[in-house]
Each structure stands twice: as C-alpha cells, then as structure tokens.
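In case it helps, the numbering used here puts the sequence shown at residues 26 to 114. From the three backbone atoms N, C-alpha and C, an ideal C-beta is built for every residue, glycine too. Read the structure below first, then the notes.
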Amino acid sequence: MSSREVENIFENSDFVYMLNQAGGDRQILAKQLGISTHQLSYVTHSGEGEGLLFYGSTILPFVDHFPKNTELYRIMTTKPQELKKKEDE
C-alpha cells in the first residue's frame, strides 16, 4: 500500500468498492482517501457484503447480503468450499 504505483491507482479511480481491511491498510487508505474514523468502522471487522463505496468525493456505507440460494450467487461466489459442500449434499 505504500508504493507510488498504488497511490496512482487511487488517484486515478473514480469508483472504489472497499470491504473489510487489515489495520495497517485501513490507516493508509484513510489518509489516502480522506476517510473519517466513523467511516472506517464500516471496513473494520465488517461482515460479508459490508463496506464502503467511493464515487468521486461521495463515500457511502453499504450492506449487501446477497441471497445464497440463487444461480447468480453460485456463479459469482469467491468461496469454492461452498460449491463443494453443495455438490456433496
């Protein structure tokens, strides 16, 4: 997170979708993106599908508990263990 290349990515991005972040990364991102302490709480030990959206100068907290019993979830999930579990049933 401390490289100039990473800083350039954030400076050139109008949209950021941020989920739970590690402590050190949170502080770097807070400084880089101007995130308040209250806003940081949305990416501190947050649950699945919870975080912050950045669009230009707007920062929005979000909670998106996507239904797991859908074909779309099966296609999009990043948890292969869930697919394996489903196959075994």
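So T62 is in the alpha helix (DSSP H); what residue range does that whole segment cover?
Looking at the DSSP string, the run of the alpha helix (DSSP H) that includes T62 is 62-65.
Identify whether E73 lies in helix, strand or coil by the three-state DSSP scheme.
Correct three-state label for E73: coil.
Within 10 angstroms of the Cβ of G72, are there 16 or more other Cβ atoms? Answer buried if so, exposed if not.
Classification for G72: exposed.
Can you give the beta carbon distance from F40 to Y80, rounded, assuming they're within the 8 Å contact cut?
At roughly 5 Å, the Cβ-Cβ gap stays under 8 Å, so F40 and Y80 are in contact.
Looking only at its own chain, which residues have a Cβ that is under 7 Å from the Cβ of A55, when we skip the five neighbours before and after it?
Here the set comprises L65.
Leaving aside the five residues before and after F91 along the sequence, list all residues of the same chain whose C-beta is less than 7 Å from its C-beta, in chain order.
Here the set comprises G74, Y98.
Nearest by alpha-carbon distance to S61: which of I84, G49, D50, G48 is it?
Measuring from the Cα of S61, the nearest candidate turns out to be I84.
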